[in-house]
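Report on the following structure.
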C-alpha cells in the first residue's frame, strides 16, 4: 500500500545546534535530489551537501534510507540542518512544495508499525499513541470550537455552502430559473471570500516561534540601562520571570508574554574589544547570544549614544533615558524612545518587538494562525478558490464547482465540517425544486 | 417441502429493477422466474412518462454501456429526446427522453417474453423461504413453493402500499394495482428492519381540455443519435412538451385549504422526499415565490392523458379541481386521474452488502425502491447489479462492485449501503464527487469493457464500441497536425482569440476558450467522417484536461483505501481504542473495505488508524 510522502521535524522544536527534518514516502529520494541538486546517494551513507532553499543556501548532513531498511519501512531521508526555526522551516517548506505533506501526529510510528518495523508487543502502545493524539486533537478541537478561527472558517464555509447550493441547484435542475446577472453576483461573493481567506492568511505567523518563544538579545554599552530595561519589560508579569541574577557579565534571562507569545530576553555584556579574560569570555558568549537571537534590541543612552555595529540581524534601536529631556520623540518601525526607569513607552516597545518578529502586518485583532497544518489547509483553500475565480469566465460551472468544493473541503479540514450532505441539505432548504 | 419447480434465481417484481434483474440473469445463462402481482404492471411508468434527466441520464447510459435494457427500451418508445444543461458544461449534460408509457410497457414485456431462460408468472409472494441462513425459494399466496439458489426482491412501492388523496385513503398500489400485503411480515420475521417512505404523483388531465396557446412549447433536440449508444439513427422526436406556471390565485386556494392536506393534518406518516415536494409543500415552504413552473408531458400516442409535472399533490379531489383550474390554460381542464400520495414499506439498505445481497441471509438480494430509492433509473441500475451479482453468487464468482469514481451506479449503491437514508434517495450530480469524470459522453468508455467481461455486452455492442475506440485513436492522431500562424491567425481573429507567432497543433487550438472542436472541423475541413458524439467526447477530454487530470489524481490516491478489505465478521465492539460512536456505526454498516469505512458518518481518521493497526496485528494485511 503506497502512502503519501510526509515530512516533519524529528528533533524537538526550538533553538538547538542541529535540527533534523525527516521525510518518509516514495517522493523522499526525489526531494533529496532536488534540495541538494545532486544525483546520487548511496543508502545509509551520510553526505555533507549544500541545500538550496528559497532565499538561502545552507549546508547540511543528509542521509538516505532505502525501503524497507528505515524507521518507517518506506524510503526515508533525513536532513540535518542548522538549528533554529528559520532553516528547518525552510527545509520543510521546500519538501511541501515538492510533494510532501505535514505528517499527522504519530504517523511515523503508525507507518513503522504497518510496515512491520515495530514488533507486535509494541502495537498496544501505538494504539495508545493514536488515541492520545486523537484525544489531543479533540481537545485542540474543543478549544477551536470556542475560538475565533473556528468561527471565521465556519462563516466562510457557510457562505461557500450557500454559493455551492445555488450553483448545484442550477446544475441539477435544468428547469430552475435564474438570470445571467446571478453569475456576476456569485463571482463577487467568491472574491469577497477570497479576500477574507487572504486576510486570515496574513495573520500567519511562524508556528515554531510561537511554540518556543522569541529570543531577544539586548545589546548596549555598560551604562545604557540594560538591567532596568529588562526589569521594565518583565515587570508587568513578575511571576514568569525565571532567572534574574548576577552581574552584567553573565547572561541574564527573563521573559514576558505579549499577545499570547513568549518573549525571552538575553542580556549581554558590553561589547567592545577587551584583554580582560573574564570579560572576554563574556564577550564571546554575548556574540553567541546575538547569533542565536531572533531579534536584537540595540539599547543606547540618549544622553551619550555609543553606537554598536551588529550585522545580519533584525534590529530595533532603543533610545533610553528620555526622562532626562522634555522633548517629544517620534517612534518609528524599528526605532523607539523609552524610559526604562519611568516605564515610558514600554508597551509600545513590546508592540514593536512583536511586529518585527511575529508578523510585520499584524493587525490588532489579537488573532493569528500558528498551526502549520491549519496554514497548509487554508493556503490550499485559497489556491483552489483563486483557481475558481481565475477560470470563472472561461469554464462552465460544473468545473468551477470542483474548485469551490475543493476550497470548501480544505476549510473543512480545519473546522471538521466536511460532509457533502450539508450542501445537498442546503439545496433543498433554499430552493424550490422537484417535479 | 414440495417444490413446483426449480430455478437458479427468482425475481419478485416486474418493475424497472425486476425487468433489468431478470434480463441480466437470463442473459448470463441462469434459469430465472419472474413473479409479479400483475403482468400488466411490467415496466410500468407510474409517475413521469420520461426516462433520464440530470444524473439519471448518466445512470441510464451506464446501464446501456453494461448491456442493460433501459435505454434501448426508451428508444423503442421515444416521443422526444433532449440533452439537458447543454449550456452548463459537459459534466452535467444529461439525456432525457419523453416516452410513450404504453409502448414502454409492451416493448419491455415483449423483450422479457422473448428472452430465453426466463419464465414469467403472475402471483403474490407471501414468504421468502430460508434454511440455515440461506435462501432456498419462495412461497406464493396460492400455496405453491418454488425452489431457487437466489432470490432478488424488487417490490417497488407495493409493500403495504396505501394511496392517500385528501381525507380519503385506500390500501392499493399505484394506478389501482393491488398491493403486496404479506411480504413485509416475511421480511420482518427474517430480521429485517423496515422503514416507511412516501412519494407522490400529480394529476393526469385531458389534452382536449387544455388551452395550449397559454403555454410555452418545448421541442426536442436533434442530436444525431438516440438514447442507447447502439441507436445511431437520427433522433425520433414525435411529440412536444409545454411549459407553464402556477399563479397567486392557485396558491391562495392551497393556503385556504391547507388544513385539509394530509401532510399537514398528519394523515401521511411516511417520510417524503424533499426534492419532490407536493405543490402544497412548495407553496407553504417557499411563500415568497410568486409562481412555480409546471410542464405538460404527453403520456402516450395512444391516449389524451397528459402528465402535469411540478404539481403533485395529495389534496382532496374538490380542492385539486379548484386549484388546477386557476392555472392559465387550465381554465376548463378536466382531470382524468387525480394526484395522490403513496406510502409504502422499504428496508434500511445498510442491511445490504455493496453487492446488494443481504448481510445476514445468503442468496437474498434487494433492488429498487424497496431499498429506499426513488426513480426508474435508480431502480433499473440496482436491478441490473443485483441480477449480475446474484448470477455470480450462484457461479461462485466475486461480486461486481462499481466504484464511486467508476459510475453513478457505484455512487448510488455505496450511498445506499453506507449512509442512513432518511428519505427516498434520488440521484443528483452533486452526490458524485467525481462528476467531471462520470459524464454522459463517456459511459461506454467507463463501463463497456467491464460489461464485456461480465458477459452482458454482446458482439454487436462490443463491435460498435471497438469502432468508436478506433475513431478516437484516429482523431487523436489527426489532432497533432500542426498549422502555421498564416493558416490559423485569420481563424483566431474570427473567434476573438489572441494570435500566434509559432505553429500550433489542432489539439492546442481546442484548449482556447472561444474555440471548440466543431469550429475547427468546419473551418479547416478536418476530422471528417467522425461522429459528433466522438467529437464531443474528445472536445471535453482536451478542453478540461487539467481538471480531469486532477480528479484522476485524487482517485488514484483514494484507491489504496479501497484495496484494504475488511473481514465480513469483524466485531468492532472488541476493538480496543475505537470510540463508542464509531464502534456502533461500524458494527451496523460492517464496511467491506477501509474506503467505505472512511465514508461512514461518525468514523474519524483516528478510528481508521485503530482498525489498520488491528488488521496488521491479526495478519489481515
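Protein chains in written order, with my numbering: chain A, 221 to 655; chain B, 19 to 639. For glycine and all other residues, C-beta sits at the position ideal for the given N, C-alpha and C.
Quiz prompt | Under 9 Å from the C-beta of residue 330 of chain A: neighbouring residues of chain B | solution = 627, 630, 631
Practice problem: Pick out the complete alpha helix (DSSP H) segments inside the segment 451–528 of chain B, 4 residues or longer, and give them in chain order. | Solution: 461–472, 477–496, 503–512, 524–528
Quiz item: Whose C-beta lies closer than 7 Å to the C-beta of residue 364 of chain A among residues of the same chain, with five residues either side of it excluded?
Solution: For residue 364 of chain A, the predicted structure reports a pLDDT of 44, less than 50, and the residue's modelled location is therefore unreliable. A value from the coordinates is still provided. Contacts found: 370.
Quiz item: Taking C-alpha atoms, which residue in A:410, A:373, A:368 lies nearest to residue 386 of chain A?
Solution: A:410
Quiz item: How long is the line joining the alpha carbons of residue 228 of chain A and residue 241 of chain A, rounded to whole angstroms?
Solution: 6 Å
Quiz prompt | Where residue 403 of chain B falls: helix, strand or coil (DSSP) | solution = helix
Quiz item: Is residue 220 of chain B helix, strand or coil when you go by DSSP?
Solution: strand
Quiz item: Hey, is residue 621 of chain A's beta-carbon within less than 9 Å of any beta-carbon in chain B?
Solution: yes
Quiz item: residue 446 of chain A and residue 504 of chain A: beta carbons closer than 9 Å?
Solution: no
Quiz item: Would you call residue 534 of chain A buried or exposed, if buried means 16 or more other Cβ atoms sit within 10 Å of its Cβ?
Solution: exposed
Practice problem: Assign residue 231 of chain B to buried or exposed, taking buried as 16 or more other Cβ atoms, counted over all protein chains shown, within 10 Å of its Cβ. | Solution: exposed
Self-check item: Residues near residue 460 of chain B by beta carbon distance below 7 Å, same chain, minus five either side
Solution: 555
Quiz item: Cβ atoms of residue 218 of chain B and residue 122 of chain B: under 9 Å apart, would you say?
Solution: no
Practice problem: With 9 Å as the threshold, decide whether the Cβ of residue 562 of chain B is near any Cβ in chain A. | Solution: yes
Exercise. Kindly say whether residue 576 of chain A, judged by its beta-carbon, lies nearer than 9 Å to any beta-carbon of chain B.
Key: no
Quiz item: Just to confirm, are residue 631 of chain A and residue 376 of chain A a CB contact at a threshold of 9 Å?
Solution: yes
Quiz item: Nearest CA to the CA of residue 235 of chain B: which residue from B:154, B:353, B:312, B:273?
Solution: B:312
Self-check item: Contact set between residue 334 of chain A and chain B, taken where Cβ atoms lie within less than 8 Å
Solution: 630, 631, 634, 639
Quiz item: Any contact of the segment 134–150 of chain B with the segment 411–421 of chain A, i.e. 3+ C-beta pairs under 8 Å?
Solution: no
Exercise. Would you list the residues sitting across from residue 183 of chain B in a DSSP beta bridge?
Key: B:186
Self-check item: Member of A:382, A:405, A:329, A:568 whose CA lies at the smallest distance from the CA of residue 453 of chain A
Solution: A:568
Quiz prompt | Close Cβ partners of residue 518 of chain B (< 6 Å) along its chain, the five nearest in sequence each way excluded | solution = 503
Quiz item: Touching or not, the segment 41–53 of chain B and the segment 400–409 of chain B, by the rule of three or more beta carbon pairs under 8 Å?
Solution: yes
Quiz prompt | residue 155 of chain B vs residue 166 of chain B beta-carbon contact at 9 Å | solution = yes
Quiz prompt | Option nearest residue 390 of chain A by Cα separation, candidates B:144, B:596, B:247, B:109 | solution = B:109
Quiz prompt | Candidates B:249, B:297, B:260, of which the one nearest residue 270 of chain B by Cα | solution = B:297
Quiz prompt | For residue 626 of chain B, the three-state DSSP class (helix, strand or coil) | solution = helix
Quiz item: Roughly how many angstroms separate the alpha carbons of residue 513 of chain A and residue 634 of chain A, rounded to a whole number?
Solution: 32 Å
Quiz item: According to a CB-to-CB cut-off of less than 7 Å, which residues of the segment 270–296 of chain A neighbour chain B?
Solution: none
Practice problem: Could you tell me if residue 268 of chain B is buried or exposed, where buried requires 16 or more neighbouring beta carbons within 10 angstroms of its beta carbon? | Solution: buried
Quiz item: Just reading off the beta strand (DSSP E) that residue 25 of chain B is part of, what are its end residues?
Solution: 23–30
Quiz item: Where residue 446 of chain B and residue 74 of chain B are concerned, what is the direct C-alpha to C-alpha distance, given to the nearest angstrom?
Solution: 8 Å
Exercise. Ignoring anything shorter than 3 residues or poking outside the segment 294–367 of chain B, list the beta strand (DSSP E) runs there in chain order.
Key: 311–316, 323–330, 353–355, 358–365
Quiz item: So, is residue 630 of chain B buried or exposed, given that buried needs 16 or more other C-beta atoms within 10 angstroms?
Solution: buried
Exercise. Excluding the 5 residues preceding and the 5 following residue 435 of chain A in the sequence, name in chain order all residues of the same chain whose CB lies nearer than 7 Å to its CB.
Key: 235, 484, 486, 512, 513, 514
Quiz item: Count the other CB atoms within 10 Å of the CB of residue 411 of chain B; is the residue buried (16 or more) or exposed (fewer)?
Solution: buried
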